[in-house]
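What follows is a set of notes on a single structure, which appears directly below.
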Amino acid sequence: MSEIPQHIEDLFAQLNPQQRAAACHDSGSLLIIAGAGTGKTTTLSHRVAWLISQGIDPSRILLLTFSRRAANEMVRRVDALLRAMGDSREHAASARSRSIWGGTFHSTAARLLRRYGQSIGLPDDFTIIDRSDAEDLMSSLRSELELGNNVAKFPRKGTLVEIYSRCVNTCLKLEPVLERYYPWCLEHVEALKQLFQAFVDRKEQQNILDYDDLLLFWHALSSDPAGGKLLRGQFEAVLVDEYQDTNVLQSGILKNLCPDGAGLTVVGDDAQSIYSFRAATVRNILDFPEEYPGTTVVTLEENYRSTQPILAATNQIIDEAHERYEKKLWSSKIAGEPPILVDCSDNNEQADFVVTQVLEHLEAGIPLNQQAVLFRASHHSLALEVELARRNIAYHKYGGLKFIETAHVKDLMAYLRLAENPRDAVSGLRVLTLLPGIGQKKAQQLLNLLAESGFRFDAWSEFKPPAATVEHWPLFIRLMKNLSSPQSEKKGISSEVHQVRTFYSPLLDQQYDNGPARQRDLEQLEQVASRFSSRMSFLEEITLDPPSSTQDIANDSSKTDDDFLVLSTIHSSKGLEWDAVYVLQAADGSIPSEMSLESNDEIDEERRLFYVALTRAKNWLYVCFPHRQYFQNRRWNQAHSYAQLTRFISSKTLPLFQRRPAFNAEDLDTPEEAQIETTAEDIRKNIRNMWSS
DNA sequence: GTAAAGTGTGTTTTT
DNA sequence: CACACTTTAC
């Protein structure tokens, strides 16, 4: 460690010795094992500030995080540090921190490929498709090639993309992937090969890249002798957050960027690896020291987040994992409430309990935004959402079905994407089949016509539309021509959204129910669009970093400081923390998920997931266990079974919790009104069901 | 031949 | 409730 000037010394004095060692490490490869709540973000931002203070040009620093939000937060903190370091040029400080390359692997890939992709023969005007677009493409190729027709158990489109994606991200061939993860698909190997081949070809023809391609081409670019040199010349320091959730392709990219590890810093926690379904491998972080000999390993174990009673429980839970690397988190916050295991009769009572407890904390001065409800699967929060709506409590839900994935939003984006890239037949097919009277076949003919004309929408004027299409057809052509005219760009992207909306609104009302609500979504999208300078950047941002909740979109610009409760999947809660945390559905089958019981590896990952959920809590932790589980099945409407407590609260863990029922007996007869209301509803439901088939 | 309406089945997590 | 597949309508 080199000598530290006094004014910088002061800034780093607030770090603990391990954090400080990490932040001020020299340029050799560095692995920071950062347990939950150990000040990872602080350490990483100090490290970036340190590197800059050592004379590294910020534009030659690459900071890879798992979301753009995390990247922005990091840059903000670096900025603050640079100012505090007394950079004489105040403005210079923020300009410098802004020039840092920050973002996700995927968004960074897009940026780099637009700049340098041509050197490996990739056009710079590609458009990017998301997961469901990839599924649509896969599905239309499947029917085009007539694969899997009349064949039992041919994988569905979602599974097809999953298999394909896993092959790409693990860098494995099809057969081993099938054997390991999809053995029931082995009989279709040949069909799959043919299909995936066509999938690759088609994406090339259409000048589109999917999520996997972004990594794949970045990897290819970095492997190329010339391309690799270019990228290595671009970056002097590379820092990676959440390294436990990277995959083989991503670690390969890093290896190409920093072959001997010089300038490379990775941060993560093997106990929080929860993305193996996305081909992330915990081996990346575990084997890092062998991959880069001479690596300095720093372990952060002092937890600044949770109270000791909460840590005692979470430490015990992670201790029981099959494979793990020893570290023991400790906290100086000795005193505190024990975590509470709440017995609920069913998920309605669970919802009731959460709302009651949330309000109690609110009255005691804990704002809603310092409280969060976490769950394994998006639908686990349904009953709670109903209750929150009924009692007028504001909430934001993260994870699950995103705003951007709803059909009407996808429709609108497809018009814009087709205008941006007329070769994009996925979007073409989508917008054409929206027109009444046009289905798969006619749409395909029209797309062929478009291709033959050199992708000029004029070509469609020759088409004789069927009766149902007549009134829409000329308007549609005019819309597409307007959007693709050079003048359109000048008027701004939100004017384009407006034009699309004008054309599409009547179709929307016809196509879907709940029209007004959907129309409102599109109005919001128009608002959002006004913040973007070009159609390309709008499309790219929206596909690579979609707003994670519908409410975010509404509030983003106006920054309403309305207080709201956070509802989130555990996956989306990564890296965050709240004063009070409520975990729903701590029952076997939900946590761990029924779907992930095949192997010890899968169960271990579910355990880590539970661990991640619990370690989000600072002061209060409630784990809810609804005893009775209802079946959603239409046929067995009223059926239920009695669940088991999640296996992750073992006999050794249980004593670390305080166990109590959701409501005490005396509480139960107080809210009489509500009591009678629900009872009546139950009776009606039962009566109705007596006559339903 | 093609589009649209109808029927039966299975539900995680996300860049 | 969306998906794959089937039947009916144009």
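If you count the first sequence from 1, position 589 lands on 589 in full-length UniProt numbering, and the numbers rise without skipping.
Glycine included, each C-beta is placed from N, C-alpha and C at the ideal position.
Which listed residue (the options) has its alpha carbon closest to that of residue i
| i | options | result |
| --- | --- | --- |
| serine 332 | Thr104, Glu302, Glu349 | Glu302 |
| glutamine 272 | Leu609, Ala313, Arg688, Asn392 | Leu609 |
| alanine 665 | Cys344, Leu145, Glu73, Thr469 | Cys344 |
| leucine 614 | Leu172, Thr314, Leu31 | Thr314 |
| arginine 47 | Pro58, Gln308, Asn149, Ala23 | Ala23 |
| serine 530 | Ile334, Ile493, Val161 | Ile493 |
| lysine 652 | Tyr275, Glu135, Glu320, His379 | Glu320 |
| valine 581 | Leu567, Ala587, Pro516, Thr406 | Leu567 |
| isoleucine 334 | Gln350, Ala312, Val355, Leu209 | Ala312 |
| lysine 574 | Thr65, Thr42, His25, Ser59 | Thr65 |
| arginine 647 | His640, Gln316, Ile683, Val426 | Gln316 |
| threonine 170 | Leu216, Asp133, Ala191 | Leu216 |
| alanine 279 | Asp212, Tyr325, Gln234 | Asp212 |
| proline 58 | Thr469, Gln234, Ala84, Pro661 | Gln234 |
| arginine 142 | Gln206, Phe463, Val161 | Val161 |
| valine 612 | Glu577, Gln644, Ser590, Ser650 | Glu577 |
| arginine 376 | Lys327, Leu584, Leu231 | Leu584 |
| arginine 659 | Asp270, Lys328, Val342 | Val342 |
| phenylalanine 403 | Thr159, Leu525, Asp579 | Leu525 |
| aspartate 124 | Pro546, Leu209, Thr104 | Leu209 |
| alanine 237 | Leu62, Ile100, Leu522 | Leu62 |
| threonine 38 | Leu300, Asp201, Asp10 | Leu300 |
Per-residue DSSP class, three states only, for residue i
| i | result |
| --- | --- |
| valine 528 | helix |
| alanine 580 | strand |
| serine 165 | helix |
| glutamine 54 | coil |
| arginine 20 | helix |
| isoleucine 128 | strand |
| glycine 575 | coil |
| cysteine 624 | strand |
| glutamate 681 | helix |
| leucine 44 | helix |
| valine 297 | strand |
| cysteine 344 | strand |
| asparagine 315 | helix |
| isoleucine 603 | helix |
| histidine 361 | helix |
Close-in-space but distant-in-sequence residues of the same chain around residue i (CB under 6 Å, 5 per side omitted)
| i | result |
| --- | --- |
| proline 422 | Phe455 |
| residue 695 | Given that the chain is displayed from residue 1 to residue 693, the structure contains no residue 695 and the question cannot be resolved. |
| glutamine 357 | none |
| isoleucine 253 | Trp218, His219, Ser222 |
| valine 240 | Leu64, Val266 |
| serine 381 | Phe375, Leu567 |
| valine 298 | Gln18, Ala21, Ala22, Ile32 |
| serine 557 | In this prediction, serine 557 scores a pLDDT of 40, lower than 50, which makes its location untrustworthy; the coordinate-derived value is nonetheless stated afterwards. Around serine 557: no qualifying Cβ. |
Residue range of the alpha helix (DSSP H) that includes residue i
| i | result |
| --- | --- |
| valine 75 | 68-84 |
| glycine 268 | No alpha helix (DSSP H) contains glycine 268, which is instead part of the beta strand (DSSP E) from 264-268. |
| glutamine 250 | 248-257 |
| tyrosine 211 | 211-223 |
| threonine 543 | 535-544 |
| glutamine 194 | 189-205 |
| tyrosine 116 | 105-116 |
| leucine 374 | Premise fails: leucine 374 lies in the beta strand (DSSP E), 371-375, not in any alpha helix (DSSP H). |
| valine 566 | Element bounds for valine 566: not the alpha helix (DSSP H) but the beta strand (DSSP E), 565-569. |
First and last residue of the uninterrupted beta strand (DSSP E) at residue i
| i | result |
| --- | --- |
| glutamine 629 | 628-630 |
| alanine 662 | No beta strand (DSSP E) holds alanine 662; DSSP gives it neither H nor E. |
| serine 641 | 640-642 |
| leucine 63 | 61-64 |
Own chain residues within Cβ distance below 8 Å of residue i, not counting five before or after
| i | result |
| --- | --- |
| leucine 434 | Asp411, Tyr504, Leu507, Gln511 |
| glutamine 14 | none |
| threonine 679 | none |
| proline 671 | Model confidence at proline 671 stands at a pLDDT of 49, short of 50, so the residue's coordinates are unreliable; what they give is reported in the following sentence. None. |
| alanine 662 | Val342, Asp343, Cys344, Ser345, Glu349, Gln350, Asp352, Phe353, Cys624 |
Neighbourhood of residue i by C-beta, 7 Å cutoff - its chain only, sequence neighbours within 5 removed
| i | result |
| --- | --- |
| isoleucine 477 | Phe457, Trp460, Ser461 |
| alanine 110 | Ile128, Leu214, Glu540, Leu544 |
| arginine 518 | His408, Leu508, Tyr512 |
Examine the Cβ distances between the region 604-622 and the region 409-424 and report whether three or more of them are shorter than 8 Å. Contact between the region 604-622 and the region 409-424 is absent, because fewer than three Cβ pairs lie under 8 Å.
Using 8 Å as the Cβ pair cut-off and three pairs as the minimum, do the region 62-76 and the region 180-193 touch? By the criterion of at least three beta-carbon pairs nearer than 8 Å, the region 62-76 is not in contact with the region 180-193.
Within 8 Å, do at least three Cβ pairs link the region 182-198 to the region 110-118? Proximity of the region 110-118 to the region 182-198 falls short of the contact definition, fewer than three beta-carbon pairs being nearer than 8 Å.
Tell me whether the region 532-550 and the region 365-375 touch, counting them as touching only if at least three CB pairs, one residue from each stretch, are closer than 8 Å. Verdict: no, contact absent.
Would the region 40-55 and the region 259-267 be scored as touching if the rule is three or more Cβ pairs under 8 Å? Contact between the region 40-55 and the region 259-267 is present, because at least three Cβ pairs lie under 8 Å.
Contact between the region 280-299 and the region 29-36 (3+ Cβ pairs under 8 Å): When Cβ pairs closer than 8 Å are counted between the two stretches, the region 280-299 is seen to touch the region 29-36, the count reaching three or more.
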